[in-house]
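Here's the structure, in structure tokens; my notes come after.
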Amino acid sequence: MSRSKPLFHALALCAALAACSSTPAAVSTDAPAPTGYLRGDALPDSLALSPPPPAAGTAWAALDDAVAAQALTLRDSPRFRQAHIDADLGFPDGAQQFSCALGIPVDERHTPVLMRLLQRSLIDASAATRAAKTHYQRPRPFMVNGQPTCTPEQEDHLRGSGSYPSGHTAIGWTWALILSEIAPERATALLQRGRNYGHSRLVCNVHWYSDVQQGQAMAAATVARLHDDPQFGADLLLAQREVEAVRKLGLPLPRDCATEAEALKIEIPEAR
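Heads up: the sequence shown is residues -25 to -1, 1 to 247, going by mature numbering (1 follows the signal peptide of the UniProt record, and there is no 0).
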């Protein structure tokens, strides 16, 4: 593969992730831009499926505030550093976010079908949150509490992107659900990773608890619609066979899974 192709994929996905954080990249024209599986009405309507975010003075808003305050106590901890790692959705590196839970490396050499499936479903999950994010334009926690995030380089962009629902959470939970179908024997680990992937957005101080909850809901809606798409179904089967074959090779993982596991054991303290 040419050296410019990963750079191109990163840019193409950043464009698709207007609802999430992004990092500009240079343009390459040696490959077509990845696209999602879903088109038009096939995309879940997040504005119809998402109730308004919690109003000030309600119990739900108080819960959001309490969780955000407790998440701030993890700043400068290993969990905070993991939240920074989890914020990266650019490809090809973004495909490795679930490699420890899946138990195999995810890359273009060994799992090209799975890479394509993750890229395309990422675009769908991100697009599924966009209508509600744009409509509600909810300020993010760091804009309210004045505290730093785990991705200071992205804060200017995030100020212009609504907080509700969480796009990163929708993507992470979409991946967790899909990967659990591909490797059902690792479903528990994959779903745990999907849960703490969303919680990384709380630790990062860029999303409220209700943003994360609704991000998971939009992920479930996205996966339900994906199962009605023939190309997704075909790719899902191919990816399952691909993962089974790669697992037999016993390849080393590209991440420090022990360090990741220890960091992810750190939970946001209960609100007092």
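Even glycine gets a Cβ: it sits at the ideal position worked out from N, Cα and C.
| Is the region 177 to 193 touching the region 85 to 92 in the sense that three or more CB pairs, one from each, lie closer than 8 angstroms? | The region 177 to 193 and the region 85 to 92 do not touch, with fewer than three beta-carbon pairs separated by less than 8 angstroms.
| query | Using 8 angstroms as the threshold, is the region 166 to 178 in touch with the region 146 to 155, meaning 3 or more CB pairs across them? | reply | Verdict: yes, contact present.
| query | Considering glycine 142, what are the terminal residues of the alpha helix (DSSP H) in which it resides? | reply | For glycine 142, the enclosing alpha helix (DSSP H) covers residues 142 to 157.
| query | From Gln94, Pro244, Gly208, Gln112, pick the residue whose C-alpha is nearest to that of isoleucine 157; which is it? | reply | Nearest to isoleucine 157 by C-alpha distance, out of Gln94, Pro244, Gly208, Gln112, is Gly208.
| task | Can you give me the Cβ contacts of glutamine 71 inside the same chain, cut-off strictly under 8 angstroms, excluding the 5 residues immediately before and after it? | result | Only Pro80, Val81, Asp82, Pro229, Arg230 meet the Cβ criterion.
| task | Please determine, among Thr86, His110, Gln129, the residue with the shortest C-alpha to C-alpha distance to methionine 118. | result | Out of Thr86, His110, Gln129, Gln129 has the C-alpha closest to the C-alpha of methionine 118.
| query | Using DSSP with H/G/I as helix, E/B as strand and the rest coil, what is asparagine 171? | reply | Correct three-state label for asparagine 171: helix.
| query | Which class does proline 181 belong to by DSSP, given the choice of helix, strand or coil? | reply | At residue 181 the sequence reads valine, which differs from the proline that was named. Three-state result, valine 181: coil.
| query | CA-CA distance, glutamine 102 and leucine 18? | reply | Reading off the sequence, residue 102 comes out as alanine, not glutamine. Alanine 102 and leucine 18: Cα-Cα distance of roughly 8 angstroms.
| request: Taking only the alpha-carbon atoms, compute the straight-line gap between alanine 106 and alanine 41 and give it to the nearest angstrom. | output: Each residue's alpha carbon lies about 27 angstroms from the other.
| query | Can you list, in chain order, the residues of its chain whose CB lies under 8 angstroms from that of alanine 214, leaving out five sequence neighbours each side? | reply | Same-chain partners within the cutoff: Thr86, Val88, Leu89, Leu92, Ile157.
| message | Tell me the residue span of the alpha helix (DSSP H) that contains arginine 105. | response | For arginine 105, the uninterrupted alpha helix (DSSP H) segment begins and ends at 87 to 111.
| task | Below 7 angstroms CB to CB, which residues in the same chain sit around alanine 30 once its five sequence neighbours on both sides are set aside? | result | Annotation for alanine 30: Ala36 place their beta carbon closer than 7 angstroms to its own, counting only its chain and skipping 5 residues before and after.
| request: Count the other C-beta atoms from every protein chain shown that fall within 10 angstroms of the C-beta of arginine 134, then say buried if there are 16 or more, exposed otherwise. | output: Exposed, by the Cβ-count rule.
| message | On the criterion of 16 or more Cβ atoms from any shown chain inside 10 Å, does cysteine 232 qualify as buried, or is it exposed? | response | With fewer than 16 other Cβ atoms within 10 Å, it is exposed.
| Roughly how many whole angstroms lie between the Cα atoms of glutamine 94 and glycine 142? | Rounded to the nearest angstrom, the two C-alpha atoms are 14 angstroms apart.
| request: Answer yes or no: do proline 28 and arginine 113 have a C-beta to C-beta separation smaller than 7 angstroms? | output: In this structure, proline 28 lies near arginine 113, with their beta-carbon atoms less than 7 angstroms apart.
| request: Have a look at aspartate 99 and lysine 240 and give me their C-alpha separation to the nearest angstrom. | output: So the alpha carbons of these two residues sit roughly 30 angstroms apart.
| query | Under a three-way DSSP split, which group does valine 221 fall into? | reply | Helix at valine 221.
| task | With DSSP as the reference, label aspartate 131 as helix, strand or coil. | result | DSSP, reduced to helix, strand and coil, places aspartate 131 within a helical segment of the structure shown.
| Backbone secondary structure at proline 205 - three-state DSSP | Three-state result, proline 205: helix.
| task | Select from Thr124, Pro67, Pro227 the residue whose C-alpha is nearest the C-alpha of arginine 50. | result | The closest CA to that of arginine 50, considering only Thr124, Pro67, Pro227, is found on Thr124.
| task | Drop a sphere of 10 angstroms on the beta-carbon of proline 26, count the other beta-carbons inside from all chains shown, and report buried for 16 or more, exposed for fewer. | result | It counts as exposed.
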